[in-house]
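If you're matching them up, the sequences are chains Z and F in order.
Per numbering that gives the first Met the number 0: the first sequence = residues 0 to 152.
Per numbering that gives the first Met the number 0: the second sequence = residues 0 to 336.
See below for the structure under consideration.
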Amino acid sequence: MDPKEAAKQQEYRDLVKAMEPKPSLLRNMLLAFLVGGTICLIGQFVFDFFKGVEQTEAEASAITLAAMIFLGAVATGLGVYDELGELGGAGAAVPITGFSNSIVSAAMEFKREGLILGMGCKMFIIAGPVLVYGILSGFLVGLVKGTLLGYFR
Amino acid sequence: MITVKRQGLQTIQFGAPPYIIAASTIVGPREGEGPLAASFDTVVPSDLYGEKTPEKAEYRLLEEACQGALVKAKLTADSIQYYLGGDLLNQIVTSSFVARQLQIPYLGLYAACATIGQGLALGGMIIDGGFADKVLVGAASHYHTAERQFRYPVELNIQHRGTNQTTVTGAGAAILANVGPGPRLTRVTWGKVIDYGLKDANDLGSAMAPAAADTLVRHFQDTGTTPGDYDLILTGDLARMGSKMFHKLLQDAGYVLGGKHQDAGLLIFSPQQKAGAGGSGAGCIASVLMGHVLKEMHQGRYHKILILPTGALFSPLTCQQGESIPCISHALVIEEG
């Protein structure tokens, strides 16, 4: 490309970057805190409830996760969770309800292409990377921990 | 004798400018709540329009727009020689499925959101060339089908950026003919593919603005016209961010557009509708032009307009592979008949 044209295009790209509307960091952080905090608060209530039902805390925590996944799925089905995401950003994405939303929304989107090739194949298009890299990083951390504690000697 | 219909480098001037004898529009519920609601022929009550899939809904929208244009022109499909259609879906299935119903010889087009411009301009050339006396042109898009092809599941928690645009659910169709009445398509400046190296699929307006500016400047140079010669310069879907960049580029080239410029993506949704930077999609300029703009023209508010549909010619795959976004825009001059 002719250097003058290249410079013109670079200048344009810089200008686009400069003129891009900047999200309000303070507002976004506050909303993420409120949305994420509210979800966690609900989680805490659920946890406290199950602590009275289950024998151990571990059992209560397991069933709390299941309940929160269920709530996330229901909110997705009702078309509420995407609004929460729009509002709260990572506050809605990071809790386990967000993980549930990523799977259920994909399942809803692709169910029309059939249960196997549609829903079955595409359910994890968003959640897949979380699983892959979650398992990978778990493995690596385990490896480091194991080495430090001397399990491989 | 051969009449030279070329003008300058990229412009053509029709010998016998074709007439737009009928136009029809149909849009989704969200568009039907927007500022242009009254200008559309039909507003459907739901995105799915009673169909099982959004793809089916999209092709029904386009089919009804085409049928609507035929009804308005009091014509049947067998009196049309060509159907030129396009949409955003892979393999342009929407248009092809409509062509299956219409049973009119079919030319499928793809210029992303600029498809209706390509269709009208090609249809005009076919008529002016004497290869047809009537041509049907249509384009459509649908929010749900575009989201799942280009972006994410609709219900996924995503925080959209200020530059994200909303694909219009809607379709527009028109019939071009060699005999009027109706507004006439007088000139076309065919655009080149312009790529300034932008890679952000969340800001297509900024990526497309250089293509629109390049074609418009070429149009002014080829024809010796200025912005003052037009009552309206309507871009396709540059939206808020792209329109700003478009003005800047035109200013650098020595043209001031001022209040002459409007953008279909900004017209179709109000800021209260939370549509991000504005509308987009093949159905955006198609439904705004065939509805609002032609009606304003009919009422005598506009006499000579220039439309610049804009298209981003990328795929999700090329974006993921780190390619920049090639864009196109064609300029069409429409004058009252």
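Just so you know, even glycine gets a beta-carbon here, dropped at the ideal spot from N, CA and C.
Looking at C-alpha atoms only, which residue of GLY42(Z), GLN9(Z) and MET18(Z) is the closest neighbour of ILE62(Z)? Considering only GLY42(Z), GLN9(Z) and MET18(Z), the residue with the shortest C-alpha distance to ILE62(Z) is GLY42(Z).
Whole angstroms are fine: how far does the CA of GLN9(F) sit from the CA of PHE98(Z)? One C-alpha to the other measures close to 52 Å.
Measuring alpha carbon to alpha carbon, tell me which of ILE19(F), HIS143(F), ILE126(F) and GLN100(F) ends up nearest GLY179(F). Relative to GLY179(F), the option among ILE19(F), HIS143(F), ILE126(F) and GLN100(F) whose CA is nearest is ILE19(F).
For ALA172(F) and LEU30(Z), what's the separation of their Cα atoms in angstroms? Rounded to the nearest whole angstrom, the C-alpha separation of ALA172(F) and LEU30(Z) is 43 Å.
Cβ contact check for the region 235-251 of chain F and the region 291-305 of chain F: 3 or more pairs under 8 Å: The region 235-251 of chain F vs the region 291-305 of chain F: no contact.
Please identify the residue among ALA21(F), ALA15(F), GLN6(F) and GLY7(F) whose C-alpha is closest to the C-alpha of GLY181(F). Looking at the Cα atoms, ALA21(F) is the closest of the given residues.
Assign LEU101(F) to one of three DSSP states: helix, strand, or coil. Correct three-state label for LEU101(F): helix.
Cβ closer than 8 Å: which chain F residues qualify as neighbours of PRO2(Z)? The premise fails here: PRO2(Z) is roughly 14 Å from chain F at the closest Cβ pair, so nothing lies under 8 Å.
If you compare alpha carbons, which of PRO16(F), VAL332(F) and VAL43(F) is closest to GLY169(F)? That would be VAL43(F), whose Cα lies nearest to the Cα of GLY169(F).
Unbroken alpha helix (DSSP H) run spanning LYS3(Z), endpoints: Note, LYS3(Z): alpha helix (DSSP H), 2-18.
Does any residue of chain F bring its CB to less than 8 Å from the CB of ALA92(Z)? By this cut-off, ALA92(Z) is an interface position.
Along the chain, where does the alpha helix (DSSP H) that runs through HIS218(F) open and close? Start and end: 203-222.
How about GLY156(Z) and PRO94(Z): do their beta carbons lie closer than 8 Å? Since the displayed chain Z opens at 0 and closes at 152, residue 156(Z) lies outside it and no answer follows.
Verify the CB distance criterion: does ARG26(Z) have a CB-CB separation below 8 Å to chain F? Not a single CB atom of chain F sits nearer than 8 Å to the CB of ARG26(Z).
Run through the DSSP bridge pairs and tell me what GLN261(F) is partnered with. LEU233(F), per the DSSP bridge assignment.
Given this structure, state the Cα-to-Cα distance separating LEU77(Z) from LEU233(F), to the nearest angstrom. Distance between the alpha carbons of LEU77(Z) and LEU233(F): 39 Å.
Exposed or buried, SER23(F), counting other C-beta atoms within 10 Å across all chains shown (16 or more means buried)? Burial is judged here by how many other beta carbons sit within 10 angstroms of a residue's own beta carbon; SER23(F) has at least 16 and is buried.
Could you give the C-beta distance for GLY204(F) and GLY241(F), rounded to a whole number, given that I count them as a contact under 8 Å? Indeed they touch by this definition, with Cβ atoms about 2 Å apart.
Return the first residue and the last residue of the alpha helix (DSSP H) that LYS303(F) is part of. Premise fails: LYS303(F) lies in the beta strand (DSSP E), 303-307, not in any alpha helix (DSSP H).
DSSP beta-bridge partners for THR166(F)? DSSP output for THR166(F) lists SER279(F) as bridge partner(s).
Strictly under 8 Å for the Cβ-Cβ distance: is SER101(Z) near chain F by that measure? Residue contact with chain F for SER101(Z): present (Cβ-Cβ distance below 8 Å to some residue of chain F).
Unbroken alpha helix (DSSP H) run spanning ARG239(F), endpoints: 238-251 is the extent of the alpha helix (DSSP H) around ARG239(F).
Alpha helix (DSSP H) runs wholly inside the region 21-108 of chain F, at least 4 long, in chain order: With a minimum length of 4 residues, the continuous alpha helix (DSSP H) runs that stay inside the region 21-108 of chain F are 28-31, 53-71 and 92-101.
Please state whether DSSP places ALA111(F) in a helix, a strand or coil. DSSP places ALA111(F) within a helical segment (H, G or I) once states are collapsed to three.
Terminal residues of the continuous alpha helix (DSSP H) containing ILE41(Z)? Unbroken alpha helix (DSSP H) run through ILE41(Z): 24-52.
Cα-Cα, which of ARG29(F), VAL3(F) and ILE25(F) is closest to PHE268(F)? The residue among ARG29(F), VAL3(F) and ILE25(F) with its C-alpha nearest the C-alpha of PHE268(F) is ARG29(F).
Please report whether the beta-carbon of PRO128(Z) lies at a distance below 8 Å from any beta-carbon of chain F. Interface flag for PRO128(Z) against chain F is unset, since no Cβ pair is found closer than 8 Å.
My output table needs one value for THR10(F): the three-state DSSP class, helix, strand or coil. The three-state reading of DSSP puts THR10(F) in strand, counting E and B together.
In whole angstroms, what is the alpha-carbon distance linking THR52(F) and ARG111(Z)? Going from the Cα of THR52(F) to the Cα of ARG111(Z) covers about 7 Å.
Are the Cβ atoms of LEU60(F) and ALA139(F) separated by less than 8 Å? Yes, the pair counts as a contact, with Cβ atoms nearer than the cut-off.
Using a cut-off of 9 Å between C-beta atoms, extract the partners of VAL153(F) located in chain Z. In chain order: GLY78, ASP81, SER104, MET107 and GLU108.
Using a C-beta cutoff of 8 Å, does GLY196(F) count as contacting chain Z? GLY196(F) counts as touching chain Z.
Between the C-alpha atoms of ALA92(Z) and THR93(F), what's the straight-line distance to the nearest angstrom? Spanning the two alpha carbons is a distance of roughly 34 Å.
Work out the CA separation of GLY141(Z) and ALA57(Z) for me, nearest whole Å. A direct Cα-to-Cα measurement between ALA57(Z) and GLY141(Z) gives close to 21 Å.
Compare the beta carbon distance of GLN66(F) and ASP132(F) with 8 Å and say whether it is the shorter of the two. A distance of 8 Å or more separates the beta carbons of GLN66(F) and ASP132(F).
How many whole angstroms separate the CB atoms of ALA330(F) and ILE115(F), which I take to be in contact at a CB cut-off of 8 Å? 13 Å between Cβ atoms; not a contact.
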